[in-house]
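Q:
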Amino acid sequence: MSGPDSPLKSHIMPSYNRASLRFASGDGAWLTTTDGEKYLDFGSGVAVNTLGHSHPKLVHAMTEQAQKLWHVSNLYEIPEQEALATTLCQNSFAELVFFNNSGAEAAEGMIKTMRKYHATNGHPEKVTLISFAGAFHGRTLAALAAAGNEAYLEGFGPAPTGFVQCPSFDIEQLEALIDDTTAGILIEPVQGEGGVRDVGTDFLRALRALCDKHDILLGFDEVQCGIGRTGKLFAHEWADITPDIMAIAKGIGGGFPLGAVLATREVGSVMQPGTHGSTYGGNPLGCRVGSAVLETVLEDGFLEHVQDMAVYLRQHLARIVDENRDIFAGLRGSGLMVGLECVVPNMEIVTALREANLLSVGAGENTLRLLPPLNIEKPDMDTAIAAIETACEALRKTHQGDLS
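Each residue of the sequence shown is one higher than the one before, starting from 395 at the first, in the numbering used here.
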C-alpha cells in the first residue's frame with residue numbers, strides 16, 4: 395500500500411492510457427491547452443460534444459438552471475425531466491423514458507426492462523439476449539457480458555449469464571440462436587468501439603421482422619450513433635423501422651452526463667416503482683441541458699447540415715484513402731460517425747494526427763474514428779483534411795519506405 399509519502403505521480407487510478415495533453419478551454423470545434431496550443435477536436439469527447447465546446451445555448455441553459463435548482467431526486471416530480479421526455483417521445487417511436495447518467499446505465503436499464511417485460515407477461519424463462527461480435531454496450535458487468543468481449547471481462551470474476559453473441563450480421567445464423575429462453579436482440583445500428591461498422595438498413599429491417607416472428611423484443615443501443623450523429627435524429631430511422639426499446643446517452647447531454655432508456659408504453663410500463671432507479675438520473679440541471687441540445691438538433695436545417703458535412707468529409711477522405719493505400723484501407727461509418735480502416739496501427743495514426751493538432755479516437759478492427767461536432771463548418775473540415783494529409787506524410791517518413 396502507498397502512504398502519504400508515496401512517489402505516485404498521480405492519484406488517479408491508471409485505468410486509461412492518457413495522452414499528455416491538458417486542456418484549459420474550448421470554443422466550437424477547438425480546444426486550447428494549458429500551454430495555449432490549439433487542437434481541432436474530431437473526437438468530441440468520444441461522440442459526446444454534439445455542439446462542440448462552450449456552445450452559447452448550452453452555456454445559457456446550464457447557467458440559468460444552475461441558479462435555480464440542481465438536484466432533488468426522483469422522489470418528486472421534475473418539470474425539466476417531463477419536458478425532455480416529452481420532446482424525445484414526440485420525435486421518436488418512444489412513449490416512455492427513464493433517465494440516468496451514462497451509456498452503460500442506459501444499456502443496463504434496457505437489459506433489465508427487456509427481461510422484466512417477459513417475466514411480467516408470464517414468461518420468466520425468457521432471459522437470454524442475443525448481441526453481436528464487435529459490440530460494445532458499456533463497462534458494467536452485464537453490459538460487458540452482453541458484448542462478450544473476453545478481454546474486457548478478464549479478471550472480474552464470473553460474468554452474468556443469459557447473453558449470446560452472433561458472430562456476424564447474418565439473419566439465418568442469428569435465427570438459429572433463438573430458443574425458448576430468448577428475450578430479445580441487442581444491436582448498435584452503427585458499431586462504434588467495434589470498428590465504426592454500419593449494420594445497414596436491410597439487416598435492421600430483417601431484425602424487426604425476425605423479432606416480430608418470434609415474439610421477442612428488439613433493443614437498439616444508440617448511445618454513440620444517436621442524437622443526429624448519422625444525419626437522422628436516430629440512426630435506425632434510415633431503415634424506416636422502430637425498436638421496442640432503445641438506450642441513448644453521449645450526445646443527448648452535449649457534454650453533461652446524461653443517458654436514457656426509451657421504450658414503447660407496452661414495454662416500458664413493466665418498470666413499476668421499485669424495479670429500477672437512479673439517484674442522479676433526470677436531475678433538473680442535466681435535463682435542462684439535454685433539452686437545449688435537442689432543441690438545437692431539431693432546428694430546421696440542422697440534420698441536413700450534418701448530412702451535407704458528412705458528404706463533404708467523406709468525399710475528401712475517399713480521395714485520401716485512394717492516395718494513401720499504404721496507410722488506409724477503406725472508409726466506414728455513417729454521417730459524421732466516420733471510420734478509416736488502417737493499414738498501419740491505428741494508434742500510430744492517432745498520434746500522428748495529434749502531432750498535426752487534430753484529435754481523433756481509435757476503435758476496434760484497427761480503425762480510426764473521426765467524430766467532429768455536428769455543427770462543424772467547412773473551414774474546420776478543410777483544416778482537418780489538411781492535417782490528415784500531413785499525418786500521412788509524417789507516417790511515411792517515420793516508416794522510411796517500409797510502407798508498401
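Where a beta carbon is used, it is the ideal one built from N, C-alpha and C, also for glycine.
According to DSSP, is Thr673 part of a helix, a strand, or is it coil?
A: Numbered from its first residue, the sequence shown carries residue 673 at position 279. Here Thr673 sits in coil by DSSP.
Q: Contact check, Leu452 vs Ala686 under 8 Å by CB: the rounded distance?
A: Position 58 of the sequence shown, counted from the first residue, corresponds to residue 452. Position 292 of the sequence shown, counted from the first residue, corresponds to residue 686. Correct: roughly 5 Å between the Cβ atoms.
Q: Considering only the beta carbon of each residue, do Ala441 and Met731 sit closer than 8 Å?
A: For the purposes of this step, residue 441 is identified with residue 47 of the sequence shown, where counting begins at 1. For the purposes of this step, residue 731 is identified with residue 337 of the sequence shown, where counting begins at 1. Cβ atoms of Ala441 and Met731: closer than 8 Å.
Q: Using the beta-carbon count (16 or more within 10 Å), is Ala545 buried or exposed?
A: The sequence position of residue 545 within the sequence shown is 151, counting from 1. Exposed: under 16 other Cβ atoms inside 10 Å.
Q: Can you tell me whether Gly676 is buried or exposed? The criterion is at least 16 other CB atoms within 10 Å of its CB, across all chains shown.
A: On the sequence shown, position 282 is the one that residue 676 refers to. With 16 or more Cβ atoms within 10 Å of its Cβ, Gly676 is classed as buried.
Q: State the DSSP-derived secondary structure class of Val617, mapped to helix, strand or coil.
A: Here the question's residue 617 lines up with position 223 in the sequence shown. Three-state result, Val617: coil.
Q: Roughly how many angstroms separate the alpha carbons of Ser396 and Leu402, rounded to a whole number?
A: What you label residue 396 is simply residue 2 of the sequence shown in a count that begins at 1. What you label residue 402 is simply residue 8 of the sequence shown in a count that begins at 1. With a pLDDT of only 46 at Ser396, under the threshold of 50, the placement of this residue in the model should not be trusted, and no figure is reported.
Q: So, Ala577 versus Ile610, is the Cβ gap smaller than 8 Å?
A: Locating residue 577 in the sequence shown gives position 183, counting from the first residue. Locating residue 610 in the sequence shown gives position 216, counting from the first residue. Cβ atoms of Ala577 and Ile610: closer than 8 Å.
Q: Would the stretch 582 to 602 count as touching the stretch 498 to 505 if we require 3 or more Cβ pairs under 8 Å?
A: Verdict: no, contact absent.
Q: Whole angstroms is fine: what's the gap from Phe417's alpha carbon to Gly437's?
A: Counting from 1 along the sequence shown, the entry for residue 417 is found at position 23. Counting from 1 along the sequence shown, the entry for residue 437 is found at position 43. Between Phe417 and Gly437, the C-alpha separation is close to 14 Å.
Q: How long is the line joining the alpha carbons of Tyr674 and Arg790, rounded to whole angstroms?
A: On the sequence shown, position 280 is the one that residue 674 refers to. On the sequence shown, position 396 is the one that residue 790 refers to. In a straight line, the C-alpha of Tyr674 is about 49 Å away from that of Arg790.
Q: May I ask you to report which of helix, strand or coil DSSP gives Ile646?
A: By one-based count along the sequence shown, residue 646 stands at place 252. In the structure shown, Ile646 sits in a helix (DSSP, three-state: H, G or I).
Q: From the DSSP secondary-structure annotation, give me the bridge partner or partners of Asp573.
A: In the sequence shown, the residue the question calls residue 573 occupies position 179. In the DSSP output, where bridge partners are listed per residue, Asp573 has none listed.
Q: In the DSSP assignment, the beta strand (DSSP E) including Thr444 goes from what residue to what residue?
A: Numbered from its first residue, the sequence shown carries residue 444 at position 50. Segment: none, Thr444 is in no beta strand (DSSP E) and carries neither H nor E.
Q: Taking the alpha carbon of Leu652 as the point to measure from, which residue in Ala750, Pro408, Pro583, Thr444 has its own alpha carbon closest?
A: Stepping through the sequence shown from its first residue, residue 652 is reached at position 258. The shortest C-alpha separation from Leu652 is found at Thr444.
Q: Identify, in the order they occur along the chain, each residue of the same chain with its Cβ nearer than 7 Å to the Cβ of Lys506, setting aside the five sequence neighbours on each side.
A: What you label residue 506 is simply residue 112 of the sequence shown in a count that begins at 1. Closer than 7 Å at Cβ, skipping near neighbours: His670.
Q: Give the straight-line distance between the Cα atoms of Pro801 and Gln475, rounded to the nearest whole angstrom.
A: Residue coverage of the chain in this structure runs from 395 to 798, which leaves residue 801 outside it and unanswerable.
Q: Confirm, please, whether the CB-CB distance from Cys605 to Ile642 is below 8 Å.
A: On the sequence shown, position 248 is the one that residue 642 refers to. On the sequence shown, position 211 is the one that residue 605 refers to. Taking 8 Å as the Cβ cut-off, Ile642 and Cys605 do not qualify as a contacting pair.
Q: Glu735 by DSSP, collapsed to three states: which one?
A: Within the sequence shown, numbered from 1, the residue matching residue 735 stands at position 341. Of the three classes helix, strand and coil, the one that applies to Glu735 here is strand, per DSSP.
Q: Taking the continuous beta strand (DSSP E) assigned at Thr426, which residues delimit it?
A: Your numbering for residue 426 matches position 32 in the sequence shown. Start and end: 424 to 427.
Q: Is Tyr410 buried or exposed, if buried means 16 or more other CB atoms sit within 10 Å of its CB?
A: For this step, residue 410 is matched to residue 16 along the sequence shown. Burial call: exposed.
Q: Taking 8 Å as the cut-off, does the stretch 558 to 578 touch the stretch 693 to 703 (at least 3 CB pairs, one atom from each stretch)?
A: The stretch 693 to 703 is not in contact with the stretch 558 to 578.
Q: Is it right to say Met741 is buried, meaning 16 or more other beta carbons lie within 10 angstroms of its own, or is it exposed?
A: Within the sequence shown, the letter at position 347 stands for residue 741. Answer is exposed; the Cβ neighbour count stays below 16.
Q: Hey, would you say Ile639 sits closer than 8 Å to Met508, going by beta carbons?
A: Translated into positions along the sequence shown, residue 639 becomes position 245. Translated into positions along the sequence shown, residue 508 becomes position 114. Yes. Within cutoff.
Q: Excluding five sequence neighbours on each side, which residues of the same chain lie with their C-beta closer than 8 Å to the C-beta of Trp464?
A: Working through the sequence shown from its first residue, we reach residue 464 at position 70. Taken in chain order, the residues that qualify are Asn677, Pro678, Leu679.
Q: Residues in its own chain within less than 7 Å of Ala423 by CB, not counting five upstream and five downstream?
A: By 1-based counting over the sequence shown, the position of residue 423 is 29. So the qualifying residues of the chain are Leu434, Asp435, Gly446, Pro766, Pro767, Ile770, Asp774.
Q: Excluding five sequence neighbours on each side, which residues of the same chain lie with their C-beta closer than 8 Å to the C-beta of Gln567?
A: Translated into positions along the sequence shown, residue 567 becomes position 173. Closer than 8 Å at the Cβ level, and outside the excluded window around Gln567, lie Cys560, Pro561.
Q: Assuming the contact rule is C-beta atoms closer than 8 Å, Asn494 and Ala654 should be a hit. Round their C-beta distance to whole Å, please.
A: Within the sequence shown, the letter at position 100 stands for residue 494. Within the sequence shown, the letter at position 260 stands for residue 654. Rounded, the Cβ-Cβ distance is 7 Å, consistent with contact.
Q: Comparing alpha-carbon positions, which option in Gly516, His512, Ala541, Ala513 lies nearest Phe526?
A: Indexing the sequence shown from 1 puts residue 526 at position 132. With distances taken between Cα atoms, Phe526 lies closest to Ala541.
Q: Output needed for Asn718: all residues of its chain with C-beta closer than 7 Å, excluding positions within five of it in sequence on either side, in chain order.
A: Against the sequence shown, residue 718 aligns to sequence position 324. If we look at Asn718 and ignore the five residues flanking it on each side, its Cβ neighbours are Cys786.
Q: With respect to the beta strand (DSSP E) encompassing Asp435, which residues constitute its N-terminal and C-terminal limits?
A: By 1-based counting over the sequence shown, the position of residue 435 is 41. Residues 432 to 435.
Q: Determine the direct distance from the alpha carbon of Lys462 to that of Glu616, and round the result to whole angstroms.
A: The residue you call residue 616 lines up with position 222 of the sequence shown. The residue you call residue 462 lines up with position 68 of the sequence shown. Cα-Cα distance, rounded: 31 Å.
Q: Would you mind giving the Cβ-Cβ distance between Ala539 and Ala529, rounded to the nearest angstrom? I have them listed as a contact below 8 Å.
A: The sequence position of residue 539 within the sequence shown is 145, counting from 1. The sequence position of residue 529 within the sequence shown is 135, counting from 1. Going by Cβ atoms, the distance from Ala539 to Ala529 rounds to 11 Å, so no, they are not a contact pair.
Q: Would you please state the rounded distance, in angstroms, between the beta carbons of Cys681 and Ile472? I believe it to be under 8 Å.
A: To locate residue 681, count along the sequence shown from 1; it is residue 287. To locate residue 472, count along the sequence shown from 1; it is residue 78. Yes, Cys681 and Ile472 are in contact; Cβ-Cβ is about 7 Å, under 8 Å.
Q: What are the boundary residues of the alpha helix (DSSP H) that includes Arg790?
A: To locate residue 790, count along the sequence shown from 1; it is residue 396. Unbroken alpha helix (DSSP H) run through Arg790: 772 to 792.
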